[in-house]
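Residue numbers (the working numbering), protein chains in the order written: chain U, 3 to 364; chain W, 3 to 364.
Ideal Cβ placement from N, Cα and C applies to all residues, glycine included.
All values derive from a computational prediction rather than experimental measurement.
In structure tokens, the structure reads:
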């Protein structure tokens with residue numbers, strides 16, 4: 003870092019100019035929010051209210067970490083490059099680690115909701131359970147009846163299918179709760195690690211002094227680059243197919259192998275990341291007021307895409323559990339296809355939102 | 003019949019008038035076509051070319067039987083009522099019996115095509131096989147590899163899913179080929195039965211003399227009644243939901259019980275029947291030239307609806323075969339959901355066709 007130190011300036015104290023001031027103000031605000039969330043999270047108790055607070059604090063922490071990381075990436079030429087390059091992956095590690103527990107809880111909720119819809123049984127809201135990070139409960143799967151034993155022998159009766167759904171729900175709950183518990187432990191370990199403390203220290207420095215680099219560059223061309231990266235990635239998507247409802251594209255090769263959907267999902271996940279970078283760059287320029295509702299809609303569609311794809315993969319994974327009853331495997335197959343159709347629906351929703359934007363604002 | 007005989011007139015010989023003449027000409031043409039197809043069917047050999055001829059003849063026979071039956075129903079007031087009332091169910095029995103073998107063959111083709119699409123293996127066209135009624139072959143399921151034994155133990159490998167698809171294909175082929183063979187025997191028995199000969203005799207009489215009734219009624223109000231019955235049934239359909247792509251309506255309660263889809267499919271099947279009556283009534287009035295392409299499109303959508311619903315039910319039925327491997331059951335679950343989505347897609351296609359018609363021609 004030494005050879006670049008002579009280029010660095012303090013916050014708003016010189017050659018950074020207006021662009022530097024705006025960037026510094028944004029990074030300081032996000033860093034302050036990060037530190038506030040971290041304090042709330044540390045101080046939150048383990049009773050029900052405290053767990054709720056901790057959950058919200060962890061979300062705020064992740065949100066700030068994502069925005070700082072994205073800003074370091076998009077506006078890198080205005081910042082000390084070595085510092086930006088070294089901090090960004092650490093922020094990504096942190097937000098990724100903290101996101102896991104929440105992701106497993108969301109995935110389980112999504113799969114159980116789908117099973118309830120498929121089996122016509124109303125979901126019972128799970129009771130609140132205290133956890134340190136404050137994630138949702140998975141103590142009950144919300145079925146009015148506990149999973150019935152012996153689904154295989156009952157599979158010939160009209161109740162066979164519903165029994166399969168209940169057993170699939172119990173299996174998914176077991177597997178995803180275990181994964182969530184592990185993610186919870188990992189998050190707790192992360193909070194106590196020296197790696198985390200190094201990130202927190204870096205963010206604390208950022209809150210008082212942003213390492214700007216006086217290059218005279220403006221924010222707008224850099225934000226425009228983020229947008230053009232996004233547009234280029236979108237142009238590689240099969241939007242023609244996506245805009246044609248019921249094209250069955252998301253299920254193609256769904257029975258070929260476990261990893262078959264990854265290849266077709268990858269370009270959509272890439273667009274999701276680039277859309278996020280674009281959105282955060284716009285926030286730096288315009289603040290939250292500048293949010294385009296169509297970009298919000300497109301982002302939402304790609305979030306659903308990611309969640310449904312992960313849920314479909316979890317159902318396929320559960321189906322390969324040894325010694326499950328055929329009725330359970332059948333229900334998991336229906337569930338997998340249902341979630342892949344949600345993936346397809348999300349692509350359609352993205353196409354609609356994107357086309358709408360392209361037609362009305364360009 | 004005696005009390006009504008005094009009201010009857012011969013073809014075009016009196017009080018029937020223009021309406022009667024048009025109706026009689028249509029019925030005579032269909033009866034002639036029925037008899038021609040029957041003769042071709044009887045004369046067709048059992049070699050490959052003959053089987054193809056027999057298949058086409060059986061189709062033509064069914065087509066004529068459906069049109070005669072529909073005409074008897076829609077224009078009943080212009081015909082000897084007792085005669086029309088007694089002949090119609092016999093024609094329905096005949097066309098229903100002859101349709102079964104073809105329906106099982108079509109269903110198997112649809113399910114194997116879907117499995118090939120889902121597993122990414124190109125379907126191999128089945129070799130032609132000679133049958134008396136000339137239906138398609140089911141001697142091979144078109145998989146490049148024969149079904150692998152031991153899918154359960156291999157289910158943890160990447161090939162587990164593809165193995166499940168291959169075993170599901172083999173299971174469906176076995177079950178639907180058995181059903182088709184039985185339907186073939188039933189059709190052969192029907193062709194040789196006194197019940198069939200009575201129908202054929204009735205149709206032979208119809209070809210020379212249509213039992214008209216001189217009521218002075220016109221065809222148009224009766225055709226309009228068929229159209230209004232159709233419109234009323236369509237208004238009971240959930241077209242708002244159907245027009246919203248990816249509404250997931252066709253899979254609701256898909257895991258509740260085996261018969262759950264029947265209730266939601268029933269109104270669509272009813273519209274399909276009424277649309278057919280409307281179409282055939284238009285043929286009497288306008289001939290084939292008068293066919294509205296949007297009605298053709300709507301009919302096609304409802305045919306797909308019926309076939310996909312039956313295929314989905316066959317997959318669910320196969321999944322309840324005792325002692326199948328979980329990988330097979332999983333593949334059948336994915337297949338079931340895929341076909342229920344085809345049902346949903348068909349509803350969307352119908353809604354689009356119907357709305358298009360309503361907007362542009364009313």
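Alpha-carbon to alpha-carbon, residue 237(W) and residue 351(W): As a first step, residue 351(W) must be located in the second chain, where it is residue number 349. As a first step, residue 237(W) must be located in the second chain, where it is residue number 235. Cα to Cα, the separation comes out at about 16 Å.
Cβ neighbour criterion (16 or more within 10 Å) applied to residue 2(W): Any answer about residue 2(W) is impossible in this case: the structure gives chain W only from 3 up to 364.
Min CB distance residue 346(U) to chain W below 8 Å: If you number the first chain from 1, residue 346(U) lands on position 344. Yes, contact with chain W.
Reduced DSSP secondary structure (H/G/I, E/B, other) of residue 308(U): Walking along the first chain from the start, residue 308(U) turns up at place 306. Helix at residue 308(U).
Straight-line gap, residue 177(U) to residue 106(U) (C-alpha atoms, nearest Å): For the purposes of this step, residue 177(U) is identified with residue 175 of the first chain, where counting begins at 1. For the purposes of this step, residue 106(U) is identified with residue 104 of the first chain, where counting begins at 1. Pairing residue 177(U) with residue 106(U), the inter-Cα distance amounts to about 10 Å.
Members of the stretch 247-277 of chain W that neighbour chain U once the beta carbon cut-off is set at 8 Å: 247, 248, 250, 253, 254, 255, 256, 257, 258, 259, 260, 261, 262
Residue 170(U) versus residue 333(U) - alpha carbon distance: Within the first chain, numbered from 1, the residue matching residue 170(U) stands at position 168. Within the first chain, numbered from 1, the residue matching residue 333(U) stands at position 331. Spanning the two alpha carbons is a distance of roughly 6 Å.
Contacts around residue 66(W), its chain only, beta-carbon distance under 7 Å, and the 5 residues preceding and following it disregarded: Within the second chain, residue 66(W) is the residue found at index 64, counting from 1. Closer than 7 Å at Cβ, skipping near neighbours: 32, 35, 36, 39.
Spatial distance of residue 30(U) from residue 120(W) (CA atoms): Residue numbering aside, residue 30(U) sits at position 28 when the first chain is read from its first letter. Residue numbering aside, residue 120(W) sits at position 118 when the second chain is read from its first letter. Straight-line Cα distance between these residues: approximately 51 Å.
Segment limits, alpha helix (DSSP H) that includes residue 282(U): Sequence index remark: in the first chain, residue 282(U) carries index 280 (1-based). Residues 262-288.
8 Å Cβ cutoff met for residue 224(U) and residue 99(U): If you number the first chain from 1, residue 224(U) lands on position 222. If you number the first chain from 1, residue 99(U) lands on position 97. Not a contact, by the Cβ cut-off of 8 Å.
Residue-chain proximity (residue 106(W), chain U), Cβ-Cβ < 8 Å: As a working note, residue 106(W) is residue 104 in the second chain. Not one chain U Cβ lies under 8 Å of residue 106(W).
Three-state secondary structure assigned by DSSP to residue 182(U): As a working mapping, residue 182(U) is identified with position 180 in the first chain. Residue 182(U) falls in the helix class under three-state DSSP.
Length of the line joining the Cα atoms of residue 249(U) and residue 340(W): As a first step, residue 249(U) is located in the first chain; it is residue number 247 there, counting from the start. As a first step, residue 340(W) is located in the second chain; it is residue number 338 there, counting from the start. Each residue's alpha carbon lies about 11 Å from the other.
Residue 45(W) burial status per 10 Å Cβ neighbour count (16 or more: buried): Start at 1 with the first residue of the second chain, and residue 45(W) comes out as number 43. Exposed is the call here.
Residue 326(W) - containing alpha helix (DSSP H), residue span: Along the second chain, read from residue 1 onward, the residue named residue 326(W) stands at position 324. No alpha helix (DSSP H) contains residue 326(W), which DSSP labels as neither H nor E.
CB contact flag (residue 318(U), residue 338(U), <8 Å): In the first chain, residue 318(U) corresponds to position 316, counting from 1. In the first chain, residue 338(U) corresponds to position 336, counting from 1. Yes, they are a contact pair.
Where the alpha helix (DSSP H) containing residue 207(U) begins and where it ends: By 1-based counting over the first chain, the position of residue 207(U) is 205. Where residue 207(U) is concerned, the enclosing alpha helix (DSSP H) stretches over 196-210.
Spatial neighbours of residue 21(U) in its chain, beta-carbon cut-off 8 Å, leaving aside the 5 residues before and after: Looking up residue 21(U) in the first chain gives position 19. Excluding sequence neighbours, residue 21(U) sits near 80, 219, 220, 221.
Coil, strand or helix - residue 29(U) by DSSP: Numbered from its first residue, the first chain carries residue 29(U) at position 27. Helix, per DSSP.
Counterpart residues of residue 81(U) in DSSP-defined beta bridges: Walking along the first chain from the start, residue 81(U) turns up at place 79. Checking the DSSP bridge columns, you'll see residue 81(U) partnered with 214(U).
Contacting residues, own chain, Cβ-Cβ under 7 Å from residue 93(W) (five flanking each side not counted): Counting from 1 along the second chain, the entry for residue 93(W) is found at position 91. Here the set comprises 67, 70, 71, 201.
Residue burial classification, residue 166(W) (beta-carbon count within 10 angstroms, cutoff 16): Stepping through the second chain from its first residue, residue 166(W) is reached at position 164. The residue is buried, with at least 16 neighbouring Cβ atoms inside 10 Å.
CB contact below 8 Å: residue 335(W) versus chain U: For the purposes of this step, residue 335(W) is taken as residue 333 along the second chain, with counting starting at 1. Yes, because at least one Cβ of chain U sits closer than 8 Å to the Cβ of residue 335(W).
Close-in-space but distant-in-sequence residues of the same chain around residue 336(U) (CB under 7 Å, 5 per side omitted): Position 334 of the first chain, counting from 1, holds the residue named residue 336(U). Answer for residue 336(U): 120, listed in chain order.
8 Å Cβ cutoff met for residue 345(U) and residue 252(U): Start at 1 with the first residue of the first chain, and residue 345(U) comes out as number 343. Start at 1 with the first residue of the first chain, and residue 252(U) comes out as number 250. Yes, they are a contact pair.
Where the alpha helix (DSSP H) containing residue 322(U) begins and where it ends: Taking the first chain and counting its residues from 1, the one referred to as residue 322(U) is at position 320. Taken as a continuous stretch (DSSP letters only), residue 322(U) belongs to no alpha helix (DSSP H), as it is neither H nor E.
Nearest candidate by alpha-carbon position, reference residue 104(U), set 74(U), 181(U), 172(U): In the first chain, residue 104(U) corresponds to position 102, counting from 1. The candidate whose alpha carbon is nearest that of residue 104(U) is 181(U).
Given residue 235(W) as reference, the closest of 210(W), 211(W), 275(W), 209(W) once Cα atoms are compared: Against the second chain, residue 235(W) aligns to sequence position 233. Closest option to residue 235(W), Cα to Cα, is 275(W).
Buried versus exposed, by CB contacts within 10 Å (16 or more), residue 288(U): Numbered from 1 along the first chain, position 286 holds the residue referred to as residue 288(U). Burial state of residue 288(U) is exposed, judged by a 10 Å Cβ sphere holding fewer than 16 other Cβ atoms.
Contact check, residue 348(U) vs residue 277(U), beta carbons under 8 Å: Start at 1 with the first residue of the first chain, and residue 348(U) comes out as number 346. Start at 1 with the first residue of the first chain, and residue 277(U) comes out as number 275. Cβ distance not < 8 Å, so residue 348(U) and residue 277(U) don't count as in contact.
With 16 other Cβ atoms within 10 Å as the buried cut-off, status of residue 199(U): The count along the first chain starts at 1 and reaches residue 199(U) at position 197. Looking at its Cβ environment, which holds fewer than 16 other Cβ atoms inside 10 Å, residue 199(U) is exposed.
Assigned secondary structure, residue 245(U) (DSSP; H/G/I helix, E/B strand, else coil): On the first chain, position 243 is the one that residue 245(U) refers to. In the structure shown, residue 245(U) sits in coil (DSSP, three-state: anything other than H, G, I, E or B).
Pick from 209(U), 325(U), 312(U) that is closest to residue 262(U), judged by C-alpha positions: Stepping through the first chain from its first residue, residue 262(U) is reached at position 260. It is 312(U).
Contact belief for residue 309(W) with residue 109(W) at Cβ below 8 Å, rounded distance in angstroms: As a working note, residue 309(W) is residue 307 in the second chain. As a working note, residue 109(W) is residue 107 in the second chain. Correct: roughly 7 Å between the Cβ atoms.
9 Å Cβ cut-off: residues of chain W touching residue 240(U): Within the first chain, residue 240(U) is the residue found at index 238, counting from 1. Ordered by position in chain W, no residue passes the 9 Å Cβ test against residue 240(U), which lies about 16 Å from the chain.
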